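Notes for the one structure printed next.
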Amino acid sequence: MMLIGGKWIGKGSEGVIKVQDPATGEFFAEVPKASGKEVDLACKAAADAFTHWSRSLPRKRADILVRAADKLEKKLEEIAEKLTREQGKPLKESRGEVKAAAAALRYFASHLDSPLGEWRAPSRPGTINLVRRYPVGPVGVISPWNYPVLLTAWKVAPAMATGCTVVIKPSSKTPLAVTEFVRCLVEAGVPDGVVNLIHGSGGDVGMTLVRHPLIPKISFTGETETGKVLMREAAQGLKRLTLELGGHCPMIVAADADLEVAVEGGVYRSFRNMGQVCNSINRIYVERVIYKKFVELFIARTAKLTIGPGLEDPDLGPMIDDEARRRVIAHIEDAVSKGAKIEYGGKVPTGFERGFFLEPTVLVDVKPDMLVMRNETFGPVAPIMPVDSVEEAVQHANGLRYGLVAYVYTRDLALALKLADELEHGTVGINNVIGGEVEHPYTGWKESGLGLELSEHALEEFLLIKHIRIKGG
Ligand code: NAD
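Reminder that position 100 of the sequence shown reads as 86 in the working numbering, one-by-one numbering, no gaps.
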């Protein structure tokens, strides 16, 4: 279903989008596909609703966001199951995603008064200066398939909290759970037109949304190359952009690290959601003195991971589709052709000929020029490379165009803080691989993004500043 101006629409002008189950390869559901006409109607509805929503009482907006969070939690099992069916991830991961989306709604509901205005000291006699913030307008929300509900919530919650209305376009690979997320908002009492939902591919529906003259701001998560396309298009209308883009996240393991802890974190963050996470560990640099031991422990831990359909709740489900799996296999083959060795995995697991399964894969003898060491693989591959010093590791870690997240394992606090300063990434995890937390800013440096999500700072992404100068008599 699509939602335009408060009406659910079951039929799109462009037919339907079929939704595939990554665990079987079967198409099991469909949603209507929008044409330019429906994009236009959704943008108009969002623009009309903006007039009253942007002036509504913050408390009213907060109440709606909190009620929507309650609804999400109530329907947790139903939505999690849909998410697992369309995305492939294990059920416990889907449950975690839906819960985290509810947490984002609650967080921004509790922060929506804070940034609205300041009364400033006069700069000349007899003047009063106010600095006020105003919602930017109807926002185009474009989200990817790897965390469809969560990443939609990370945009919709702060946008709605500040008084913006939204037109949501989820990935056409995962439209189902986002539709349920929108249903919860509607059931929570969102006025007509404040939240709109359209389905379609990025190249047509997404692009029409980006170009639409009534949309002054786009909040996007996806690939770096797509982000650049959006930036070029948005330039035509000088639109505001928040871009959360690709990563190629390094992990550095110093000689003094607690190896068991480092391996546990490294395996989890390399293979979670089949490596289809922007903050997945993509390359591991280990000081040479502990390299052999680290690889041995890493393989032993990887071998314990269970694989299966997400609905059976294993550690690892399938990849999203065959195209994604083929790209990962191409990266592995490129590495092997340049001298890397597969120490674990590297093929479709036995008994999983249906669907898009792939073994978690550990590569050694890797070199910086291999694709897997510099392009986003977005799959379950952990290349491990020895280094002579942490300084060398930092050079490698900073050597790419990406700057999303870096991870460091060491017991030496001074070294940890030094590396945290030196790593050119928006997030640095020391002795942990915890993902984005709603209370703290999440931002990509370099070609990993523009602007930020999460924390109270995210509200600024949806606000315009106005200086009001009052001259007294
Ligand atoms: P993608 O760029 O292919 O698509 C993302 C969204 O943009 C989809 O809804 C798609 O339909 C739409 N889109 C594609 N082309 C478009 C265009 N020309 N105009 C408008 N919309 C367009 O990305 P994906 O494959 O869905 O997601 C994976 C990528 O997302 C990876 O690169 C990953 O690192 C990144 N990601 C980043 C973060 C972060 O917070 N930095 C989080 C998750 C995923």
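Idealized CB from N, CA, C, for every residue including glycine. What you are looking at is a predicted structure, and each value in this text was computed from that prediction instead of being measured.
Residue range of the unbroken beta strand (DSSP E) whose run includes residue i
{"i": "G(-4)", "result": "Run containing G(-4): none; DSSP gives neither H nor E here."}
{"i": "G126", "result": "125 to 128"}
{"i": "G103", "result": "103 to 106"}
{"i": "H453", "result": "449 to 457"}
{"i": "V391", "result": "391 to 395"}
{"i": "G415", "result": "413 to 416"}
{"i": "C29", "result": "Not the beta strand (DSSP E): C29 falls in the alpha helix (DSSP H), residues 22 to 39."}
{"i": "K327", "result": "327 to 330"}
{"i": "V181", "result": "181 to 183"}
{"i": "I(-10)", "result": "-12 to -10"}
Through-space distance from residue j to residue i, alpha-carbon basis
{"i": "E173", "j": "A163", "result": "15 Å"}
{"i": "A54", "j": "F284", "result": "41 Å"}
{"i": "T210", "j": "A147", "result": "27 Å"}
{"i": "G421", "j": "G112", "result": "50 Å"}
{"i": "Y393", "j": "L245", "result": "14 Å"}
{"i": "G208", "j": "F448", "result": "19 Å"}
{"i": "D242", "j": "G175", "result": "55 Å"}
{"i": "E64", "j": "V135", "result": "13 Å"}
{"i": "A289", "j": "M260", "result": "14 Å"}
{"i": "V467", "j": "T413", "result": "Past the edges of the chain, shown from -13 to 459, lies residue 467, and the structure says nothing about it."}
{"i": "S266", "j": "R255", "result": "5 Å"}
{"i": "R462", "j": "G458", "result": "The requested residue 462 is not part of the displayed model; the chain covers only -13 to 459."}
{"i": "V380", "j": "A88", "result": "37 Å"}
{"i": "G(-9)", "j": "L183", "result": "9 Å"}
{"i": "P236", "j": "V419", "result": "11 Å"}
{"i": "V239", "j": "V281", "result": "11 Å"}
{"i": "R71", "j": "E410", "result": "37 Å"}
{"i": "D398", "j": "H426", "result": "24 Å"}
{"i": "E377", "j": "K404", "result": "10 Å"}
{"i": "H317", "j": "L357", "result": "6 Å"}
Cβ pair residue i, residue j closer than 8 Å
{"i": "E362", "j": "G233", "result": "yes"}
{"i": "V84", "j": "L62", "result": "yes"}
{"i": "K452", "j": "R218", "result": "no"}
{"i": "W140", "j": "A90", "result": "yes"}
{"i": "A368", "j": "D351", "result": "no"}
{"i": "V127", "j": "V152", "result": "yes"}
{"i": "V253", "j": "R287", "result": "yes"}
{"i": "S157", "j": "I3", "result": "no"}
{"i": "I370", "j": "V272", "result": "yes"}
Buried versus exposed call for residue i [16 or more other C-beta atoms within 10 Å across all chains shown]
{"i": "D7", "result": "buried"}
{"i": "W(-6)", "result": "exposed"}
{"i": "P199", "result": "exposed"}
{"i": "H185", "result": "buried"}
{"i": "I454", "result": "exposed"}
{"i": "H97", "result": "buried"}
{"i": "T160", "result": "buried"}
{"i": "V275", "result": "exposed"}
{"i": "I114", "result": "exposed"}
{"i": "L445", "result": "buried"}
{"i": "R311", "result": "buried"}
{"i": "K131", "result": "What sits at residue 131 in the sequence shown is Trp, not Lys. The residue in question, W131, is buried, as its Cβ has 16 or more Cβ neighbours within 10 Å."}
{"i": "A107", "result": "exposed"}
Residue(s) in a DSSP beta bridge with residue i
{"i": "A461", "result": "Residue 461 is absent from the structure shown; the chain starts at -13 and stops at 459."}
{"i": "S205", "result": "V127, T228"}
{"i": "V191", "result": "Its beta-bridge partners do not exist; DSSP assigns none."}
{"i": "R118", "result": "G103, K452"}
{"i": "F13", "result": "Q6"}
{"i": "K155", "result": "I128"}
{"i": "R269", "result": "P236"}
{"i": "G435", "result": "E230"}
{"i": "P18", "result": "V2"}
{"i": "T113", "result": "K457"}
{"i": "I293", "result": "L302"}
For residue i, the first and last residue of its enclosing alpha helix (DSSP H)
{"i": "E219", "result": "210 to 222"}
{"i": "E79", "result": "77 to 95"}
{"i": "F280", "result": "274 to 289"}
{"i": "A143", "result": "134 to 148"}
{"i": "D49", "result": "44 to 60"}
Any non-hydrogen atom of ligand 2 closer than 7 Å to residue i Cβ
{"i": "Y393", "result": "Annotation note on ligand 2: not contained in the displayed structure, which lists ligand 1 as its ligands."}
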